[in-house]
Structures are given as structure tokens and as C-alpha cells.
Amino acid sequence: MKHTKRFVIVALALMVLTTMAFAGGRPEPGVQPGAAGVDRHPEISILINESPWLGAFRQIVELYQRQTGNRVEIVGSPYGALLTRITNSLTAPESEFDIVILDEVWANQFYEGELVAALTDIDPSFSFDPGMLEYNWVTRWDHELGTNAETGKIYGVPINGNMQIMYYRKDLLADAGFDPPQTWDDVFRIAEHFYNPPSMYGMVGRATGRPDFGYQAVLHSFDGFLLRYHPETRDWEVGVNQPAALEALNLWLRLVREYSPQDYASIGQAQMISLMQSGRIPIIYTVTAAAPNFDNPAASTVVGKVGATVVPGPAPGRNAPTTGIQPFSIPANLPLARQQAALAFLKWVIQPDIQLEFGRAGGIVTRQDAWEALAQDPKFWWAQAVADSTPYARAQIRVTPGGRIFDVLEGLLRQAVAGDLTPQQTLAAADREIRSIMLDEGYRLR
Amino acid sequence: MKAPRLDRLVIFSILVFGVVVTLIPIVVVFRTALQLPRDIISGGLLFSPSLHNIQSTFGTYRFGRLMVNSLVSASGATVIVLAVGALAGFSLGIFTWPRWWTALILATLLMIQMLPPVVFAGPFYLISRQVGIYNTPLALIMAYIVLQTPLAVLILHRFSRSIPGELIEAAHMDGARHHVVFTHICLPLMTPGLATAGLLSFVFSWNDFMFAVSLSSTTRAMTIPVGIANFAQDFQILYGNIAVAAAFAAIPGFLMVLFAQRYVTRGLTMGAVKE
Amino acid sequence: MRTSGSGTLDDLFKYLALVPLIAILVVLVIAPVGQLIVTSFSRVRFASGAVVFSPVGLENYRNALQDQVALRALLNTTALAVISVTIETLLAVILAISVGYVHRGNLLFRTVFIFPMLLPPIAIGVMWLMILDFNYGVLNAVLAALGVNGPAWLAHPRLAFPSIIVVDIWHWTSFVFLIVLAGVETLPHELSESARIDGASERQIVWQIILPLLRPIILVAVITRTIFAFKVYEQIFLLTDGGPGNRTEVISSYIMRVFFNQNRMGYAAALSVLTLIFITVLVIGFMYLQSLLTREREARS
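Protein chains in written order, with my numbering: chain A, 1 to 446; chain C, 1001 to 1275; chain Y, 2001 to 2301.
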């Protein structure tokens, strides 16, 4: 009995002590003039997802702190929990973060709802210089049209310029006399040549965890589309039930299934990259951010053997790599002083020389000049492919219910991969679902 | 209990088989923890062991700090859950309440268990921000109290009902007050129940991801499951780091089970069995 | 009153002891649950920098009843719950009774059988991925060494769901075991001893004395486990992410996606309420069935 009592007392005392230890707040320095052309600002915190390029971003933040004396806290989060945290923070009386990282797919709901601040509301003189890549206006939102357009307000800066590129094994392709693939036919020829299971496969695609991301590159290369805005009639056209979409789906299903390991239905982005790292696949197309993974000696058996080119199309020049941009935005529910501190950082980070530093550290930059400069260095063997992809870059769906549409599309595409739906059934269902979502969200359809 | 030799052989084979099946995946964890990432994804059976994962887990990712946070949150919540649960269990089990009242409370507690945790995540976030405990272990303790109290009350309620009425009567005859009866008679008799409820409350708090991720943002309060989720990234799943984390995450629970054995074994519901 | 108190403050102890629990329920539970119910009858959007609730009546509930994905997820979850809880209970009862018979190594067996519950679910997902993955899993590596080409355990249309069940059983048998063991340890020895003296075989003792005595505790375990089974999410996310197709889609991950990815909080709330009702019906049905069987059994004997 005595023991129980003593235990309870000790436990309570421990709790009180830990509470005291954790209860201290963080000091907030006032605004003072500082070095490097950036004013002194209060400390800011940035919510960002854990990823291979987070290390590069940390280096840049270190540089900012050294140059300006301003303090920045980085809050790393699992990608899967990002939306939870952003939704929590942006709907609270005051946001806990000063900058949040968004995703091209679901950023628009926050722009449209004005949960993040228009940068010109913080600083009316804010604008992008022409060297900045805007990726089909990914951070501009036109409230009237309900889509991303040049006419829209600027709600953030693109920070992670992720774009699909085609990765290939330089050594294997050269030995077998192949050039880097330019067309889908090239891809199948290479896949067929190397397909020799279980030691080697020909090609894998992203069949789960946003399979639509892979499908869109094929769809757009066939001049198909999911949704298109017609300015003259001010309405939207759903394109998933058109012949180009079917042709693209059939081809994509071959890419995903035909020369893949038997578990193709459960292969997502991480598994695709692992298969390339373990040397069991000669070609894949996926995001730029994957590139440094192939050169990590602890994780990869193909260090120095991977090259990159533009994602192929039906014919040379008909390429349509999809972007997966992550913008940085500033919460609307913040006092102006904190918003200004956040904007000061954003302005600093998109400067040409800082972007170059970011790229050299392994970041996925958002300036064409930075990509071109990086391409001079063989260490960044992927940079030229990205620079070459810029003119072809295609956006994902750009309406408010992006997340909702892709979630439904993912479910349908996965059933197509598993053979539960025929390609025709898949697209007919997608057409029906996208229409009902668009109408539900108040868009006009033709 | 004693059993004939043949039956004993059958029983022993069943148990040994159970142990082997339970342990194989755990062996895989230790194996993965010692493999370099490139060996993990190449799928061979042979590899040369490396400390790479252990170093990066505790170095780069500050896993030690996460363990402290987990320990503080889970044990803090468990202590309060047990206190609340024992009192409520005592009140509901020893005294006479209208049937509808007991039923209402028990049904509410079951309902809390049935709701998807996400229902509480948003409101708790706002509460913890308003009270100023966001991103401290206190916020997690608050959440785990709500989530783990129901099971503890259900368990301890059953236990207090199994306490023989004569014992309590006798104590009252000797002039003991209710709170003395509670501390000197009921609590000792409920020790097995406290141990079971405490173990479950600790383990479920320890393993929670949903609240840990919505109520903490930095290593100041972040717990092990969030750290593990940080290893499962979009472009790469850091299997080795996850294996190291899993191995170390199991240690406190393992120690608790070892020490709590003699109490836990007396189990959940002597009440239920006797009814 | 089973007991008689003395003094007014002392009489209050009955109520005072319940105050902490009621306080928790009032302060931390009523508001979220109330909000859930209001949300389930609303459409929630972001507009002009705020979260706007507009009432839509029963629309969310009507949509939910026609939602094929939700139906599929609910059926999968129910199948997962029924199959895995049944097997887990069988295994746990066998193991717990067996442990009850053993004296040497008793501590070792108990500790090992409780162990899986101690691991974080997300780690269990990764652990089984390292075993079952087609390309780098240990299982297929062992099979390959034996000259067999292993299948895609997590991606094959017929194997994915059984694989998930195997993982669930490995994980959660420990929980049922812990609870049932508690019952076994508190069994009154006198009954089985006297039966043994009367010449009953060990099998008869297990079937006719031990199991009937264990029934209430097994019931507790089954109900709690069934409720937990409807929350399964993290390990499936890593193992199959609901695939192939939607064969391993479960309701809790669907609700999470509707809530955050689809940004439809009202609809997610309605799905939560309907799931709650569904589990309640399931549990009450099970308890009713159980009491029927007990009564029938008692009537016979």
C-alpha cells in the first residue's frame, strides 16, 4: 500500500517538473534594421514535409540566418500529416506557422478560401521577376474564373519545382546500343530488351499513391486532358471520356503492368525508386526530387550510372511532363508583422544567387537560370533534363476541388490496374464523378 | 493444473510453435536494423551488418529526445487515467446508482472508443492552442486521458464489482470512511486490474500517431510514432531507421510487461468470471 | 446502497469519486461530439479567410448511403474484423489455456505472446513489408533459396486481403491473449480439481468447466477488439495502401481521406456517425446472439 502511494506521489511530481520544463515560451525579438538588405524581423517557423531535399533547404535557411541575423525554425512533418497540420493551423484563431508548404493538387482550396494571404496584400509592390518559373501560374489564383491564371492574385512562391523526368541507366542503355528514349515506342523497346525476371524488369509505373500523376504525363502527350477551361463560353469541358484519354490509358496500363514485377499493383513512387536503386530496372519516369537518391551510396547500387532526359511522348517533341510543384504560402491568420517577416524570407529565397545555392545543395529550384547554371556541373546530371522540360511542362488539374478529383481518380485508376474495371468503364466512371464534383463545387460545365 | 503426458506434449508444442511464429517478424526487425539501405532493397539473404541506421536514427533524427517525450506523455496520461478510472470504477461498482445512469456512462465510454480519432483531433488542437499547452507533452497527456480513460473505467468497474461486499461492510463496522475503504481495501484488491488497465493505457498512448501528429510540431513534444512516420517518405521509405526505431520503441513496454507480470496475470475481470 | 456511510462529506464520496470522469466527459468529449453532429448536417467550406458551415439537412447522410467506396470500405473492414477477431480469439484462448497448464517457462511464454501489441502499428506495417514484399521481402528470398518463385503477397488480387489478415492476427492476438489470460489465472482451481477426482478427462474439463467460466471475459475481449478493428489504418497504409484496386480499403482510412484530401468535413462527419451506428448495431447484435446462446445452454443443462 505504501508503495502505491509513494509511486503516485513520485509520478505526480515528475509530471509537474516536466510541465515546468516544457512550459517556457520563445522570445520574440523586435524589428530592427539588419544586414544583407533584409530588415530584422521576428523569428518565423516554416512547416515543410520530410523529404530528401529538406537537407538542402536547411542549408539555405542556415545561410539566411547568417546573412540577416533573423531566426527561422523548420518544422519537418511526415508528408501524410501535412494537410492535417495545415488545416489545423490555418483554421485556428492564429496560425502557429508563418510559412506553410502546399501542394499543387490541393493548394487552390486555400487560395480560394483566402486562408493564405495574397502576397500583394502584405507588400503591394511584390512581383516575380521574369527568371522565376511560375509553372502555369501555380501560385496565382483568379477568384472569378476559379482557376490558376496570370490574371490572379499571387498567393505564394513556388519553392519545390518538382517535374517528371525520365531516368535511365546510362551504362545499360549504352551497352545495348540504345539512345535515351524519346518516344513511348522507344520506352517499350528498351523495356522489352531488358525484361528478364526476376533479376531484371523492363519498366515500372506509379500504380498506387497518386497513380494519376503518372497517367497525366501520357494523357497530355496524346493531347488529351482531364479538364479544360473555355474562356469564350466561360465554362469547363471534361475530357476523360474522349478517345485521346482512352488511348493514353491503354498505353499507361501497359507501362505499369507489362514489363513490371508481379506486384505492380502495389508499386508507388518509393518502390519505383527502390527498384531503380537496386539496379533491377533500366528506366522509370518520376519526379526530379528523386534524382539525388540514385547517387546516395548507402541506399543505391547504381551511383553515377543514372542519366535523365525529358519524359517521352508519342513522337519527338510531343512531350508533356507533369509538374508537382510545392508552393510556400503565408497564412492569412497572422499579424502583419509576422507576415512581413515571412515575406522577407520568401523574397530572399527566390533571388537568383540563393536559388543557385539551393540547387547546389541538392534542392529542386524554381528558376530557369539556376537550372541552366546547374546543368554545367556534371554532378547535377538531371539539371539539363529539367531545363529542357520547362517548355513542355504541364499542370495538373487546377480547380478548387483538385484533391477531391484526384482522390476519386486514384481509386478508379487503381481498379483499372487491378483489372477490376475495363479502361472504358474506368473513364466513363471518371467522367461521371468529375462532372458531379465540378457541379457540386459550383463550376459551369459545357 | 496437471495434465497427462501426451496432453502436455501437445500443449508444449502449441506454445513453442506460437513463440516461433511470434518471434520471426521480430528477428526480421533486428536484421533490417543492421542492414544498409541498399542491402535492404536488394532482397538477398546475406549482407554485412552496419551501424548506419542506429547512428542516423539517434544522431540526425534525435530519436532519444522522441523517446523521452513518448515516455513523459504515455506515463503521465497513464497515471491520471488510472486515478480517474479507479475512482469512477469504485463509485460505479461499489455504490448503488440508478441503472440508467450507469448504463449511460458506460455507453458513452464505449462510444468514445468507437469514434474515429480524427473527430477529436481538430477540437483538441484548438483547446491545446488556447490553453497554451500546444506542442508540449501536456497536450498529448490531455488527449490520451480522453482516449484511454474509457477502457480503464470499463476494466476497473468490473474489478470493483468483484470485491466482496462483506469486506466493505466489515470496514464500515469498524468506522472506516469511504475514502479509507477506497485506499485501504479497494485499491489493493484492484491491483491486478490497475496493472492491466495501466499497461493497455500506456501501450496505446505510446503507439498513438493521430494525436501526436496534430498536437505536436517539433522535437519539443514529438513522439516516436511521428518520428517513425517521418521515415516513411514519399520518395524513400527508410526501412532501416524504422526498424531501429521499432526495436527501441518496444523496450519500455517490454520492461513494463516483465515487471507487471505478477499483477497483470491476475487479470482483467475476476469479476466477470465470478458473476 | 450496498454500504451505509457516516457523515455528510463521507456520503458525498460516492459523487466526488465520479467527478473527475464526468469533468473529462463534459470538458473534452461533449464539445467535439456535438461539433461532429452539427458538422455532419453541414457543408463546410473555406471562404473569406474563415471556415463557413452551411446547413444542408440530410444531404451528407443521403450521399453516404449511395457511396460505393464507403460501402466497399465498410464491407472490407467488417470482413477483416469478423475474420481476424474470430481467429485471434481462438488462438488467444488456446494459448492462454495452454499457458495456464505450464509452470516452467510460464513467464517467457506470457511475455512473448504479449509482445506484438507493444510495437507501434506503423512499425508493424514496415516490419511485415520487409517480410512480404515481392521484390525484397525475406519470405520470397527464402522461397527463392528453396527454388520456389514466391507470389506478390500484397499485390495479388486474391492474396492481399488474406495477407492483411495474417498481419492483423499476428499483431492483435496479443491483446486478446492478455485479457483472456487474466481470466484463466483467476479460474477457481477447486472446480477442475473436484472434476478430476470424479474422473473427468482433461478435455472434458476444458470444454465443460474452463471455457464456460471464461465466456464473460472472452466477450469483453471480443467486443473491445471488434471496436479496435474498425480503427485499423496505419499498417494497411504502408502494406497495401488499400490496394490492389480497392480490395483492402478500410473505413478509417477512407474517412481520413474524405476529411483532409477531399476537404469535405461535413461528409466525413456523416461517415463517422454512420460508422459509429454500424459498430453499435454489430456489437449489440453480437451481445444479443451471445445471450441467446447462453440462455439456450442454461435451459438445456
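Backbone N, C-alpha and C define an ideal beta-carbon position, used for all residues, glycine too.
Which word fits residue i, buried or exposed, when buried means at least 16 other C-beta atoms lie within 10 angstroms of its C-beta?
| i | result |
| --- | --- |
| L1009 (chain C) | exposed |
| M2127 (chain Y) | buried |
| N196 (chain A) | exposed |
| A2299 (chain Y) | exposed |
| L2293 (chain Y) | exposed |
| W382 (chain A) | buried |
| S1013 (chain C) | exposed |
| H41 (chain A) | buried |
| Q376 (chain A) | exposed |
| N160 (chain A) | buried |
| R228 (chain A) | exposed |
| L2129 (chain Y) | buried |
| D98 (chain A) | buried |
| Y2288 (chain Y) | exposed |
| D185 (chain A) | exposed |
| L2274 (chain Y) | buried |
| H1178 (chain C) | buried |
| T1136 (chain C) | buried |
If you compare alpha carbons, which of the options is closest to residue i?
| i | options | result |
| --- | --- | --- |
| L1046 (chain C) | Y:V2142, Y:G2057, Y:I2087, Y:V2033 | Y:V2142 |
| P180 (chain A) | A:A118, A:Y285, A:N136 | A:Y285 |
| A1249 (chain C) | Y:R2104, Y:L2071, Y:A2269, Y:M2117 | Y:M2117 |
| A428 (chain A) | A:Q396, A:A290, A:V349, A:G239 | A:G239 |
| L1115 (chain C) | Y:I2037, Y:I2094, Y:D2198 | Y:I2037 |
| S1160 (chain C) | C:P1117, C:F1095, C:I1242 | C:F1095 |
| G1044 (chain C) | Y:R2257, Y:L2071, Y:I2131, Y:G2285 | Y:I2131 |
| F2303 (chain Y) | Y:S2174, Y:F2046, Y:E2234 | Chain Y is shown from 2001 up to 2301; residue 2303 (chain Y) falls before or after that span and cannot be answered. |
| E247 (chain A) | A:P331, A:Q384, A:A217, A:R234 | A:A217 |
| V1244 (chain C) | C:G1076, C:I1011, C:V1019, C:G1059 | C:G1059 |
| V1068 (chain C) | C:Q1233, C:G1240, C:M1210, C:W1206 | C:W1206 |
| V408 (chain A) | A:A81, A:A430, A:T208, A:Q425 | A:A430 |
| R2045 (chain Y) | A:N333, A:L63, A:P401, A:T426 | A:P401 |
| Y1125 (chain C) | A:K170, A:V310, A:L90, A:A117 | A:L90 |
For residue i, which three-state DSSP category applies?
| i | result |
| --- | --- |
| F2053 (chain Y) | strand |
| S2252 (chain Y) | helix |
| P1137 (chain C) | helix |
| V38 (chain A) | coil |
| E237 (chain A) | strand |
| W381 (chain A) | coil |
| H2103 (chain Y) | coil |
| K2014 (chain Y) | helix |
| Q326 (chain A) | strand |
| S2042 (chain Y) | strand |
| A2047 (chain Y) | strand |
| P483 (chain A) | Nothing can be reported for residue 483 (chain A), as the shown portion of chain A is limited to 1 through 446. |
For a contact meaning CB atoms closer than 9 Å, what does residue i contact in chain B?
| i | result |
| --- | --- |
| S2098 (chain Y) | Considering every chain present, this structure includes no chain B. Its protein chains are A, C and Y. |
Under 6 Å from any heavy atom of the ligand NAD, does the C-beta of residue i make it?
| i | result |
| --- | --- |
| Y264 (chain A) | The model depicted lacks the ligand NAD and carries no ligand whatsoever. |
For this session: For the region 1027-1041 of chain C, enumerate the residues whose C-beta is nearer than 8 Å to any C-beta of chain A, in chain order.
Result: Those would be L1036, P1037, R1038, I1041, in chain order.
Exercise. Taking Cβ-Cβ distances below 9 Å as the criterion, which residues of the region 1102-1133 of chain C are in contact with chain A?
Worked result: Answer in chain order: V1118, A1121, G1122, Y1125, L1126, R1129, Q1130, G1132, I1133.
Exercise. Within the chosen definition, does the region 2131-2146 of chain Y reach the region 2050-2058 of chain Y through at least 3 CB pairs nearer than 8 Å?
Worked result: In short, these stretches do not touch, since the Cβ pair count stays below three.
For this session: With 7 Å as the limit, tell me which residues of the region 285-306 of chain A have their beta carbon closer than that to any beta carbon of chain C; keep them in chain order.
Result: For the region 285-306 of chain A, the set of positions with a beta-carbon nearer than 7 Å to some beta-carbon of chain C reads A289, A290, N293, A298, A299, S300, T301 in chain order.
For this session: Decide if the region 209-224 of chain A is in contact with the region 242-254 of chain A; the criterion is three or more beta carbon pairs, one per stretch, under 8 Å apart.
Result: Contact between the region 209-224 of chain A and the region 242-254 of chain A is present, because at least three Cβ pairs lie under 8 Å.
For this session: Check distances from the C-beta atoms of the region 2259-2280 of chain Y to those of chain A and list, in chain order, the residues that come in under 8 Å.
Result: Listed by position, the residues of the region 2259-2280 of chain Y near chain A (Cβ gap below 8 Å) are F2260, N2261, Q2262, N2263, R2264.
Exercise. Which of the residues in the region 93-113 of chain A, read from start to end, lie with their CB under 8 Å from any CB of chain Y?
Worked result: Those residues of the region 93-113 of chain A that come within reach of chain Y (Cβ to Cβ, closer than 8 Å) are W106, Q109, F110, E112, G113.
Problem set entry | Near-chain C residues of the region 2104-2129 of chain Y - C-beta to any C-beta below 7 Å | So the list reads L2107, F2109, R2110, T2111, V2112, F2113, I2114, F2115, P2116, M2117, L2118, L2119, P2120, P2121, I2122, A2123, V2126, M2127, W2128, given in the order they occur along the chain.
Exercise. Taking a cut of 9 Å between CB atoms, which residues from the region 147-175 of chain A lie near chain C?
Worked result: Residues of the region 147-175 of chain A that bring their beta carbon within less than 9 Å of a beta carbon in chain C are absent altogether.
For this session: Examine the Cβ distances between the region 2241-2259 of chain Y and the region 2068-2081 of chain Y and report whether three or more of them are shorter than 8 Å.
Result: Below 8 Å, enough C-beta pairs join the region 2241-2259 of chain Y and the region 2068-2081 of chain Y to call them touching: three or more.
Problem set entry | Touching by the beta-carbon criterion (3+ pairs, under 8 Å), the region 49-68 of chain A and the region 1101-1113 of chain C | By the C-beta criterion, the region 49-68 of chain A is judged not to be in contact with the region 1101-1113 of chain C, since fewer than 3 inter-stretch pairs fall below 8 Å.
For this session: Using a Cβ-Cβ cut-off of less than 9 Å, list which residues of the region 2139-2160 of chain Y approach chain C; keep chain order.
Result: Taking a C-beta cut-off of 9 Å against chain C, the contacting residues of the region 2139-2160 of chain Y are N2140, A2141, V2142, A2144, A2145, listed in chain order.
Exercise. So does the region 1140-1147 of chain C actually touch the region 1202-1220 of chain C, counting three or more Cβ pairs closer than 8 Å?
Worked result: With the rule of 3 Cβ pairs closer than 8 Å, the region 1140-1147 of chain C counts as touching the region 1202-1220 of chain C.
Exercise. When Cβ atoms are compared, which residues of the region 2020-2034 of chain Y fall closer than 7 Å to chain C?
Worked result: The residues in question are P2020, L2021, I2024, L2025, L2028, V2029, A2031, P2032.
Problem set entry | Short-range partners of chain A found in the region 1199-1222 of chain C, where Cβ spacing is below 8 Å | Look at the region 1199-1222 of chain C: the residues with a C-beta under 8 Å from a C-beta of chain A are V1213, S1214, S1217, T1218, R1220, A1221.
Exercise. In chain order, what residues of the region 2057-2069 of chain Y put their CB closer than 9 Å to some CB of chain C?
Worked result: For the region 2057-2069 of chain Y, which is checked against every Cβ of chain C, not one residue is closer than 9 Å.
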